[in-house]
Amino acid sequence: MIVKRFRKGEWFHSEYEVPVERGMTLLEALQWIKENLDRTLAFRANCRMGLCGSCGLTANGEPVLACETQVSSLGEEIELEPLRNFPPIRDLVVDFTPFLEKQREVKPHLIREGKEDWSREYFQSKEELDSYIQFTYCISCGLCYSACPTSSLRDWLGPQALMTAYRFSADSRDSGFRERLEAVKDHLGFCHLANSCSEVCPKGVDPSLGIQLLRRKANRFSLLGDRKRKPRGLVPPREKGEPIPYPEPTVEGAEEEI
Numbered sequence: 663m664i665v666k667r668f669r670k671g672e673w674f675h676s677e678y679e680v681p682v683e684r685g686m687t688l689l690e691a692l693q694w695i696k697e698n699l700d701r702t703l704a705f706r707a708n709c710r711m712g713l714c715g716s717c718g719l720t721a722n723g724e725p726v727l728a729c730e731t732q733v734s735s736l737g738e739e740i741e742l743e744p745l746r747n748f749p750p751i752r753d754l755v756v757d758f759t760p761f762l763e764k765q766r767e768v769k770p771h772l773i774r775e776g777k778e779d780w781s782r783e784y785f786q787s788k789e790e791l792d793s794y795i796q797f798t799y800c801i802s803c804g805l806c807y808s809a810c811p812t813s814s815l816r817d818w819l820g821p822q823a824l825m826t827a828y829r830f831s832a833d834s835r836d837s838g839f840r841e842r843l844e845a846v847k848d849h850l851g852f853c854h855l856a857n858s859c860s861e862v863c864p865k866g867v868d869p870s871l872g873i874q875l876l877r878r879k880a881n882r883f884s885l886l887g888d889r890k891r892k893p894r895g896l897v898p899p900r901e902k903g904e905p906i907p908y909p910e911p912t913v914e915g916a917e918e919e920i
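Residue numbers (this note's numbering): 663 to 920.
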């Protein structure tokens, strides 16, 4: 096992031989190295069950969670390095501060207008929940940002932040899309739909789909604004030779703009 490490602004490699047992995960292999070969090796881990997202790293060129990756699935020669597109701190540990700041920019919480009546619950139908529920499974592990080719070329919000913006904007209890649009509008065009983010997500979330849905919502908002659709009116029959009138506008307030 070859580990690409970072110390005091310099990169170097360390090589280890690990006795692999059936069912051993990559995290268990790193822990064995730390306990038996090199106590200076630095890496992150917490829950050891794929829930916290702390143990992300790059194994043989692919971003993975160490606690969910079987050593036997990686072959006899394994090359490990920190998550790409993140500032390195020490060995396999990277700085998540910029990543979390991007997430904070899209306001990852429900935004409501006016005063709330906390004695009541918010009703949400199954259909409304189904429209965004898959995006709630995100654990902010950063694998999607590491795999994203755009993230390696420019500083942008990234797939996780944009997907999170859609998750809350699609929530029927939320009223904050206008605020989020200000944060995301200059970043939506940078996604080239490589789908690398969706391929590596350990929870099966599809950030690429979330970005496309956010684009569609932003385009509709730019055309319709805050106005609500109303049913299109029927055009009544006319006498012969009488001009056919335009149907009533399908958007409230649009008649002033025609």
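Glycine included, every Cβ here is placed at the ideal spot set by N, Cα and C.
- The alpha-carbon of Leu876 is positioned some 10 Å away from that of Arg842.
- Proximity of the stretch 797 to 809 to the stretch 742 to 751 meets the contact definition, three or more beta-carbon pairs being nearer than 8 Å.
- Note that the C-beta distance between Leu689 and Cys709 is not below 8 Å.
- Assigned with DSSP and collapsed to three states, Ala721 falls in strand.
- Straight-line measurement puts the Cα of Val680 at about 28 Å from the Cα of Asp757.
- For Gln874, the closest alpha carbon among the candidates Val862, Gly866, Cys863, His854 is that of His854.
- Cys714 is not a Cβ neighbour of Thr687, given a cutoff of 8 Å.
- Separation of Val862 and Val846 (C-alpha to C-alpha, rounded to the nearest whole angstrom) is 23 Å.
- Judged by their CB atoms, Val755 and Arg706 are nearer to each other than the 8 Å cut-off.
- Burial is judged here by how many other beta carbons sit within 10 angstroms of a residue's own beta carbon; Gly671 has fewer than 16 and is exposed.
- In this structure, the CA atom of Gly723 is about 23 Å from the CA atom of Glu683.
- Contact annotation, Val867 with Gln796: C-beta distance approximately 6 Å; criterion of less than 8 Å satisfied.
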